[in-house]
Structures are given as C-alpha cells and as structure tokens.
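First the structure, in the form of structure tokens, and then the observations on it.
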Amino acid sequence: MGRMRNLAISFLFLTVLAPSAMAGDIPSARSDASSEVVSMRQLTQAEYRNSIADIFGSEVEVRGFLQPTIRIGGLLAAGTSVLSVTPVGFDFFTKLADSIATQVTGAKYRVKLPCAPKAPKEPDDACTAQVLSHYGRLLYRRPLTQDEITSAVNLSSGLAKSQNDFYAGLRFGLASLLQAPEFLFRMENAVPVGNKQFALDSYSRATRLSYLMWDSTPDAELLQAAERGDLNTAAGLEKQVDRLMSSPRLDVGMRAFFNDMLELDNFDTVSKDSILYPKWNSGIAASAKEETLRTVIDLALHTNGDMRDLMTTRKTFLNRSLAADYQLPFQFTGEWTPYEFAPDSGRSGVLTQASMLAMFSHPGRSSPTKRGVAVMDILLCEPTPTPPANVDFSVVNDTSGPLKTVRERLTAHATNSACASCHHHSDPIGLSLEGFDTIGQRRTTENGEPVDLSATIKGRHFVGAAGLGQFLHDDPKYTACLARKVYAYSRGVNSDDVPASAFKAGYQAFADSGFRMRSLLESIVLDNDYFSAPPPSPEATSSAPNVPAQ
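Residue numbers (mature numbering (1 follows the signal peptide of the UniProt record, and there is no 0)): -23 to -1, 1 to 527.
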C-alpha cells in the first residue's frame, strides 16, 4: 500500500496541477491535437459523488469528504476555479481513489467489468486496456490517448506481476485514473474556430452542459454526441439540451445551483441557543433546508412558474418537524406535504421560510443587518462592503439596555457616519422581516415592545415581509441577478465580473417567457457565444510543480 500511495501521489503531481485557473498558469492537457486547456474547475463534493455513482454504480461508496470550496462572487462554483490543493488534500484523493478502485475490482463487483483475465494470477494487458479504456473515457469525460492507456496498463501490469494478482494490478491502474487531474478537475479545452477566435471543444461542451443540468458527468449518449461532433452544430446542441432538460435529473442539477446561489450550504453550520430555543434541532434544520429546495424546484421546474413569484408565494412543502417549528395546528404525517400559508400568516416567499430566517440570524436573536445584507448580495447582486475592523457594535449588542428593540439599537448605531451608509443600504430590508425570530417563528413583540415592520427603500414605503416580497418581485435587479448567477455558475466565474452583455440574449428570452427558469437555462446555453473561450496562453507549460515532502 505504501508503494502504491507514493507512486500515485507522484502520478498525480506529474500529470500536473496548476495553482490557479488563469490560462497562463495551466499546463497543456489536450483532448485532441489542436486543443489547449483554458480553464480548470475542481469537482465539488456533490459532483464527485454523483459522477462516481453514474460511472460505477450507486453501490460503490465514497468514503470521505472533499476539501471545502471558497465562495467567490456569491458562488462556490466560482471558487472551484481557484485551484489550491494541499499535500493533505493530495493524500486524501489518493486514499479515496484506492478505496473506490478496491471496491470496483473486488470479488463482488468484478462481474460488471467489461472483461475477465485469462488467468486471475497473471497480468493480462489486453483485458486491462479494455477495462481502463472503458472507465477512463467516463472518468476523463473523453477517450484516453494511446499514451495514457499504455501508461496506465504498464502500471497495472507491473503490480499484477509482483503481486501475482491481476486484480491487484487493475486496482492500481484504476486508482491512478481516479486521482488524475483529468478526473478531479473539469478541464475545458479550446480549439481555434476562426481568425484568432477560440471555442470549447465538443467534450468540454458536453462536460459543461452535464454538470450544469445534471450535476454529474456526461452520460454515454452525450459523450457519443461529443465524439460525433454534434455539439458543434446548432441542431445537434439543441437536441442534447432538450434531452437533458426533459430528464427528471434536471431537478438534481437545479437543486445544486439553488443550493449554491441561496448559500444553503451554510445552513449546515447554523446553531441556535438551546436554552432560548430548546425545540430547535438538527432534524428541523435539515427539514428547513429541504423545504426551500422543494419550493424552488417546484416553482422553477415542476409548475414552470414565474421566478419572481419566489418572493411572494405562500405555497411550500412541510413535514411534521417543520410544521412544529412554524407552530401550525395542522396534523402532518412524517412525509412531505404541499401546504399554503394563510394570507394573514405574514409569510411571503422563500425569505420568510425557516432556512433563510435562521441562517441569517444570531444564535439567540434575529439580525436585520445580516438578513438585509444577504438579500442584497444573494438576490440583487449588490454586495455590502465589509465593515471596518474598529467598528463599535456595543450599542447593537446591548439587549439589556434602555433600547428595547433592534430597530432602536440600529438607529442609534447608524448615527456613526462610518456605519450609516451601509446600514441605510441593508437594514430596511431586514427590519421588514422582524416579524420573525431567529428560528423563523412569527412574533409581534420584542422585549415587550411592538415590532415595527415598516420600511422605505428607494422612495417606496411598505410594511412587513409581504411588502418586501412584492418589492423584490417588481425589482428588475432580482431577475437580472438570477440570470447573472446562472451564467456565472455554469462557467465557474465570479458573478461580480460578468458584464450584462454576456447574458443579454439569455435575459431577454427569460423576460419574454414571463421569467421561466427553463427558458433562461435554454437561452443561455444555446447562445452563440456561450462556448466561446479565450485564446490559450503561449506560456502554458508541462513542467510539474515541486512535490511536497512526504
């Protein structure tokens, strides 16, 4: 095992990992003779797991977790383009690859392999090549080159001979593919398409489409379409996009997008004061996150609704534990049930669901500022500057003083000129949501004082969550932000750097459709410029970085 581990780590380094996603830092890794890598994106946790399940079967276990990704421009997807894998991360990839390869080549799974060796205790290069070519094509999302096949077969053959075990050698060869950058990273290759113009090659197009639509690796039909060059034609591309979008697996892809856009991954670390809120538990937290995803997917895909209604709808899905958090008398079973809050419930869209209210609050109390900042950043693409390090928050945090409500404390805090501009920017949004506490339960008083839900934004006065929901529903910045983030998510770029011109056609089709999500997706990926790419850098090099000390 030690020899396998060290050789595998060397293999991983020698096939080259870049420290950044800038074209000048990326070594050449070609899918055909004329293509060059122009971007690299590390697989996310979900993408890795979904890919393994689709390639080897759902019975193969992924025993561990990938290192976390940083959020850039409001999206984790953009962080996957910033390639920084530590030596510990390399070691983890090696162990994970060996674990999967061990399962796939084990006695239970062997019947699924494309071939069997002539003798199980001897090398069989022909069978090894057949197995590694089959799985390599799925793992690399393109056919392996002859050199890649020969290298992997030689590694397998050497170990099979020394161990007197064909499957021990095959395990090593398969593990080398599982920990290669070509699998761990989505490498996008550009090819020349005109005078100094470049576009993604067909396999890169297939990969981008599949991970956007299904959150997983391209299936056999999509890879075959790429191999035939169908994705380079308007008709062939449209046929595959229609197929991907008509599949129920689109739910998986869009859940991944909205989980990222709404920052629901942060909900996994939300904690509440157990003394003040003893009923809050991990079960309610998981249910709250699921409620939001079910609500969004139902509106976006199942009913093909107007995405602006996400800010105003009272329709949702609840189970028993979540109904208890909402203090509903309705008798729910343990299963998810469609439910519509009453008009006088104060609920209005996903912002008044427990997930968003709890995620952007303190453990023991609500936070109009956190809620307002979240809305501005997530839904309007207007991030709030980070406060100076020397800001005094004592007035805001003094809940036992003479200022009983958070509105009073924030008003006093905002008299500081250094704080006023940011708070005037975000606090009105959050104050309109003060009818809900830190776990999303409705309230009318705070410390015995009536809660004031009035707010004025851009000269428009409204009251409460329903007023805020309608304000956001009518604000074109919300739909433009949604389109911007879909585009940025699909390409793995910072949404702050995406010009409106990049998704202009997609947004127009989105608006013309009545803001239907399916129209937005289709129009973005079918746009003539969607697969355009920057020219490869002439400074690209195949030299390997220094290998960390083991």
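Cβ coordinates follow ideal geometry from the N, Cα and C atoms, glycine included. All of these numbers come straight from a predicted model, not from anything done at the bench.
Item                                                                                                                       : Value
Paired residues, beta bridge with residue 599 - DSSP                                                                       : Residue numbering for the chain in the displayed model covers -23 to 527; residue 599 lies beyond these limits and cannot be assessed.
Segment contact, 8 Å Cβ cut-off, at least three pairs: the segment 91 to 110 with the segment 131 to 146                   : yes
When Asp504, Thr421 and Phe487 are compared against Cys458, the one with the closest alpha-carbon                          : Phe487
Given 8 Å, three or more beta-carbon pairs between the segment 316 to 332 and the segment 429 to 449                       : yes
Contiguous alpha helix (DSSP H) assignments of at least 4 residues, all confined to the segment 43 to 95                   : 53 to 56 and 64 to 81
Contact the segment 188 to 196 vs the segment 20 to 28: 3+ CB pairs below 8 Å                                              : yes
The segment 147 to 161 in contact with the segment 468 to 476 per 3-pair CB rule at 8 Å                                    : no
Backbone secondary structure at Val470 - three-state DSSP                                                                  : coil
Exposed unless 16 or more other CB atoms sit within 10 angstroms - verdict on Asn131                                       : exposed
Chain-order list of residues whose beta-carbon lies under 7 Å from that of Arg7 (same chain, five-residue window excluded) : Confidence at Arg7 is low in this model, with a pLDDT of 41, below 50, so its placement is unreliable and the value that follows should be read with caution. So the qualifying residues of the chain are Glu13 and Asn166.
Lys433 to Asp451 span [Cα, whole Å]                                                                                        : A small correction: the amino acid at residue 433 is Thr; Lys does not occupy that position in the sequence shown. Taking the straight line from one Cα to the other gives about 15 Å.
One or two residues paired with Tyr316 in a DSSP bridge                                                                    : Thr293
Beta-carbon gap between Leu116 and Phe160 smaller than 8 Å                                                                 : yes
Lys89 burial status per 10 Å Cβ neighbour count (16 or more: buried)                                                       : exposed
Alpha helix (DSSP H) runs wholly inside the segment 139 to 176, at least 4 long, in chain order                            : 143 to 155 and 158 to 161
Ala335 and Ile406 closer than 8 Å at C-beta                                                                                : no
Exposure label - Asp321; buried when at least 16 CB within 10 Å                                                            : exposed
Bridge-paired residues (DSSP) for Asp283                                                                                   : Arg493
8 Å Cβ shell around Phe244 - same chain, five flanking residues per side excluded                                          : Ala262, Ala265, Lys266, Ser332, Ala335 and Met336
Counterpart residues of Met336 in DSSP-defined beta bridges                                                                : Bridge partners of Met336: none, in fact.
Own chain, CB closer than 7 Å to Thr361, minus 5 neighbours either side, in chain order                                    : Val350, Met353, Asp354, Cys399, His402 and Ser403
Straight-line Cα distance separating Asp219 from Arg495                                                                    : 10 Å
Opening and closing residue of the alpha helix (DSSP H) in which Met353 lies                                               : Pro345 to Ile355
For Ser179, the first and last residue of its enclosing alpha helix (DSSP H)                                               : Ser179 to Met190
Backbone secondary structure at Glu13 - three-state DSSP                                                                   : strand
Proximal residues to Met(-2) (C-beta, below 6 Å), its chain only, five neighbours per side dropped                         : Any reading at Met(-2) must be qualified, since the residue scores a pLDDT of 25, below 50, and its modelled position is unreliable; the value itself is stated next. Cβ within range, chain order: n/a, list empty.
Supposed close pair Ala277, Met238 - CB separation, criterion 8 Å                                                          : Actually they are not in contact, since the Cβ atoms of Ala277 and Met238 sit about 11 Å apart, beyond 8 Å.
Three-state secondary structure (DSSP) of Thr269                                                                           : helix
Close-in-space but distant-in-sequence residues of the same chain around Thr314 (CB under 8 Å, 5 per side omitted)         : Phe294, Leu295 and Asn296
Candidates Glu317, Phe318, Leu299 and Ala319, of which the one nearest Thr310 by Cα                                        : Leu299
Closest residue to Val502 among Val383, Phe439 and Asn209 (Cα-Cα distance)                                                 : Asn209
Beta-ladder partner(s) of Arg437, from DSSP                                                                                : Ile434
Rounded distance between the beta-carbons of Ser110 and residue 528, thought under 8 Å                                     : Nothing about residue 528 can be reported from this structure: the residues present for the chain run from -23 to 527 only.
Where the alpha helix (DSSP H) through Cys358 begins and ends                                                              : Careful: Cys358 lies outside any alpha helix (DSSP H) and carries neither H nor E.
Alpha carbon of Ala78 to alpha carbon of Ile126, nearest angstrom                                                          : 17 Å
DSSP-derived helix/strand/coil call for Phe413                                                                             : strand
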